[in-house]
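Following: one structure in structure tokens, then a few remarks.
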Amino acid sequence: MKEKYIIPIFVPHLGCPNDCIFCNQKSISGQKEEMTKEQARKIIEQNLKEMKDKDAEKEIAFFGGSFTAIKEEKQEELLSLAYEYVKKGEVNSIRISTRPDFIDRKILKRLKKYKVKTIELGVQSANDYILKRAKRGHTFDDVKKASKLIRRYRFDLGHQMMVGLPDSTRIDEINTAKQLIKLKPKMVRIYPVLVIKGTKLEKEVQEGKYQPLTIVQAVETCKELVRMFDKKHIDIIRVGLQNTDEISDPNNKESEVVAGPFHPAFRQLVESAMWYDAVVDKIKKLNVKVKEVQVTVNPIDANNVIGHKRENIEKLKETYDVDLIIKQDETIKQGKSKIDIIKTYNDFLED
Ligand code: SF4
99 MKEKYIIPIF
109 VPHLGCPNDC
119 IFCNQKSISG
129 QKEEMTKEQA
139 RKIIEQNLKE
149 MKDKDAEKEI
159 AFFGGSFTAI
169 KEEKQEELLS
179 LAYEYVKKGE
189 VNSIRISTRP
199 DFIDRKILKR
209 LKKYKVKTIE
219 LGVQSANDYI
229 LKRAKRGHTF
239 DDVKKASKLI
249 RRYRFDLGHQ
259 MMVGLPDSTR
269 IDEINTAKQL
279 IKLKPKMVRI
289 YPVLVIKGTK
299 LEKEVQEGKY
309 QPLTIVQAVE
319 TCKELVRMFD
329 KKHIDIIRVG
339 LQNTDEISDP
349 NNKESEVVAG
359 PFHPAFRQLV
369 ESAMWYDAVV
379 DKIKKLNVKV
389 KEVQVTVNPI
399 DANNVIGHKR
409 ENIEKLKETY
419 DVDLIIKQDE
429 TIKQGKSKID
439 IIKTYNDFLE
449 D
């Protein structure tokens with residue numbers, strides 16, 4: 099499969115009438131400037147120049163979460179620019195992310211005109227009370243209607259959901275995943291809530307009204323969600339916000355994150371935790387008390403089996419007194435594993 103190269107263009111929604119509790123758009127407006135066609139062109143040109151793998155599949159992605167809610171002229175301006183590159187064959191596709199209440203036939207026809215391939219919706223939760231509490235300004239019914247329309251117009255549908263919103267429980271998040279699966283997205287992003295400077299959520303933390311999830315809690319829930327989407331072959335394109343200068347460890351001076359389950363390798367934590375469960379599950383099915391096991395996996399999975407900072411190896415030793423040896427084998431399919439007993443407890447006693 100060809101590598102996919104994303105050319106990200108952040109389109110801020112200046113003057114957004116909404117007031118989502120986790121968003122700092124209001125507090126930063128004035129600091130951020132509108133994305134111009136010239137700036138966008140520069141970003142695209144720069145990315146195309148710096149790209150190492152010229153054969154990679156290239157996609158221009160308008161991020162920001164409200165693309166179809168910004169001024170129509172601005173949308174046309176940016177889309178026509180991106181389409182120029184598609185027509186020249188220099189870029190393969192265009193993706194946008196937007197709010198579910200800013201999708202209708204007219205909007206979709208505009209996106210079709212410029213050959214947009216993928217539309218990602220910021221869903222956040224399937225529970226209307228939680229959406230209201232987060233001041234999202236839309237309901238889950240908007241998500242359902244928008245998703246159906248997007249699929250009817252034959253776009254690739256993406257969903258973004260959050261974990262750890264105020265008053266949201268693990269059951270709510272599992273239910274959100276269930277509801278999303280019914281809407282048949284092609285891909286999902288899962289974002290544990292981070293508390294960003296200057297947001298209403300920061301104020302709630304200071305007032306003791308909101309307590310962010312710990313990393314362990316966020317990993318536990320995300321693990322469950324990843325399993326659910328995986329089972330339905332829905333592509334999980336991101337787990338955890340991308341690590342940037344602003345989205346980084348709350349202890350960093352430049353970080354905009356003040357609290358929440360931030361980890362620079364959050365997805366790896368989730369995948370390692372899933373491997374740990376899988377290995378324990380296999381060990382428990384063995385009919386003898388094992389002392390040393392060898393797990394053979396595809397090299398791509400090896401680090402996740404070992405765990406972040408060898409966490410899985412140490413946890414297995416501490417909890418079950420089992421030594422774990424990891425063998426890499428390219429013939430094993432990614433995500434699959436083979437387990438062999440190297441030493442049972444009886445062997446160990448005889449030694
Ligand atoms: S997250 Fe909410 S408040 Fe922020 S730009 Fe998007 S719609 Fe507006």
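Residue numbers for the sequence shown follow my numbering, so the first one is 99 and each next one is one higher. A virtual CB, placed ideally from N, CA and C, is assigned to each residue, including glycine. For clarity, every value in this text was computed on a predicted model and none was experimentally measured.
- Message: Below 8 Å on the Cβ atoms is my contact criterion, and I expect Ile294 with Val355 to pass it. Report the Cβ-Cβ distance as a whole number of Å.
- Response: Beta-carbon to beta-carbon, Ile294 and Val355 are separated by about 6 Å, close enough to satisfy the 8 Å threshold.
- Within its chain, find whatever has a CB closer than 7 Å to the CB of Ile228; leave out the 5 residues flanking it on each side and keep chain order. Cβ neighbours of Ile228 beyond the five flanking positions: Leu263, Asp265, Ser266 and Asp270.
- C-beta atoms of Thr216 and Gly163 nearer than 8 Å: No.
- Item | Where Ser127 sits in the DSSP three-state scheme | Residue confidence for Ser127 is low, a pLDDT of 48 falling below 50, so the modelled location carries little weight; the figure read from the coordinates is stated next. If DSSP states are grouped into helix, strand and coil, Ser127 belongs with the strands.
- Message: Would Val189 and Lys213 be called neighbours here (beta carbons separated by less than 8 Å)?
- Response: Taking 8 Å as the Cβ cut-off, Val189 and Lys213 do not qualify as a contacting pair.
- Message: Can you tell me whether Arg197 sits near the ligand SF4, meaning its C-beta is under 7 Å from at least one heavy atom of the ligand?
- Response: For Arg197, the shortest separation between its Cβ and any heavy atom of the ligand SF4 lies below 7 Å.
- What's the gap between the Cα of Tyr418 and the Cα of Lys387? Their backbone Cα atoms lie some 10 Å apart in a straight line.
- Query: Alpha carbon to alpha carbon, what distance is there between Pro115 and Trp373?
  - Reply: Pro115 has its alpha-carbon roughly 43 Å from the corresponding atom of Trp373.
- Item | Leu447 classed as buried or exposed, judged by whether at least 16 other C-beta atoms fall within 10 angstroms | In this structure Leu447 is exposed. Its beta-carbon is surrounded by fewer than 16 other beta-carbon atoms within 10 angstroms.
- Option in Glu101, Asn341 and Tyr251 with minimal Cα separation from Glu155: Nearest C-alpha to Glu155: Glu101.
- Using alpha carbons as the reference points, say which of Leu414, Met260 and Lys434 lies closest to Asn225. Nearest neighbour of Asn225 by Cα position, chosen from Leu414, Met260 and Lys434, turns out to be Met260.
- Query: Secondary structure at Ala357, three-state DSSP: helix, strand or coil?
  - Reply: Note: Ala357 maps to strand in three-state DSSP.
- Item | Reference Val317; option with closest CA among Leu339, Lys246 and Pro290 | Per the Cα distances, Pro290.
- Task: Starting from Thr442, follow its DSSP beta bridges and name the residues at the other end.
- Result: Partner(s): Val388.
- Within 10 angstroms of its Cβ, does Glu157 collect 16 or more other Cβ (buried), or is it exposed? The residue in question, Glu157, is buried, as its Cβ has 16 or more Cβ neighbours within 10 Å.
- Message: Let me make sure I understand the geometry here. Which of Ala244, Gln392, Lys321 and Arg336 has the alpha-carbon closest to that of Ser370?
- Response: In this structure, Lys321 is the residue among Ala244, Gln392, Lys321 and Arg336 with its C-alpha nearest to the C-alpha of Ser370.
- Query: Roughly how many angstroms lie between the CA atoms of Asp239 and Lys204, to the nearest whole one?
  - Reply: Approximately 19 Å, taken between the alpha carbons.
- In this structure, what does DSSP give as the bridge partners for Val395? Its beta-bridge partners are Gln426 and Ser435.
- Query: Where do the ends of the alpha helix (DSSP H) carrying Gln366 lie?
  - Reply: For Gln366, the enclosing alpha helix (DSSP H) covers residues Phe364 to Lys383.
- Measure how close the beta-carbons of Gln392 and Asp438 come, nearest whole angstrom, since I'm counting them as under 8 Å. Contact annotation, Gln392 with Asp438: C-beta distance approximately 5 Å; criterion of less than 8 Å satisfied.
- Query: By how many angstroms is the C-alpha of Val314 removed from the C-alpha of Ile440?
  - Reply: Each residue's Cα considered, the two are about 31 Å apart.
- In angstroms, rounded to a whole number, what distance separates the CA positions of Glu174 and Arg325? Those two C-alpha atoms are separated by around 39 Å.
- Item | Met326 in three-state terms, based on DSSP | Note: Met326 maps to helix in three-state DSSP.
- Residue range of the alpha helix (DSSP H) that includes Ile411: Its alpha helix (DSSP H) spans residues Glu409 to Tyr418.
- Residue span of the beta strand (DSSP E) that contains Ser191, given as start and end: For Ser191, the enclosing beta strand (DSSP E) begins and ends at Ser191 to Thr196.
- Item | the ligand SF4 heavy atom lying under 7 Å from the CB of Gln340 | Remark: the shortest separation between the CB of Gln340 and any heavy atom of the ligand SF4 does not fall under 7 Å.
- Between Ile142 and the rest of its own chain, which residues show a CB-CB distance below 7 Å, the 5 nearest in sequence each way excluded? Closer than 7 Å at Cβ, skipping near neighbours: Ile105, Ile158 and Tyr183.
- Query: In terms of residue numbering, what span does the alpha helix (DSSP H) encompassing Lys135 cover?
  - Reply: Lys135 to Glu148 is the span of the alpha helix (DSSP H), which, as asked, contains Lys135.
- Do the CB positions of Ser245 and Gly220 come within less than 8 Å of each other? Contact flag unset, no.
- Would a C-beta distance cut-off of 8 Å place Val368 and Leu414 closer than the cut-off? Going by C-beta atoms, Val368 is not nearer than 8 Å to Leu414.
- Task: Compare the C-alpha of Gly296 against each of Ala357, Gln432 and Lys436 and name the closest.
- Result: Of the candidates Ala357, Gln432 and Lys436, the residue whose Cα lies closest to the Cα of Gly296 is Ala357.
- Item | Per-residue burial, Asp199 [other beta carbons within 10 Å of its own, 16 or more giving buried] | Note on Asp199: 16 or more other CB atoms within 10 angstroms of its CB, so buried under the neighbour-count rule.
- Item | Best match in Ile107, Tyr443 and Asp343 for proximity to Glu352 [C-alpha to C-alpha] | Distance check between Glu352 and each of Ile107, Tyr443 and Asp343 places Asp343 closest, using alpha-carbon atoms only.
- Look up Glu157 in the DSSP assignment and give the residues it is bridged to. Paired residue(s): Ile104 and Ser191.
- Look up Asp343 in the DSSP assignment and give the residues it is bridged to. Paired residues: none, contrary to the question.
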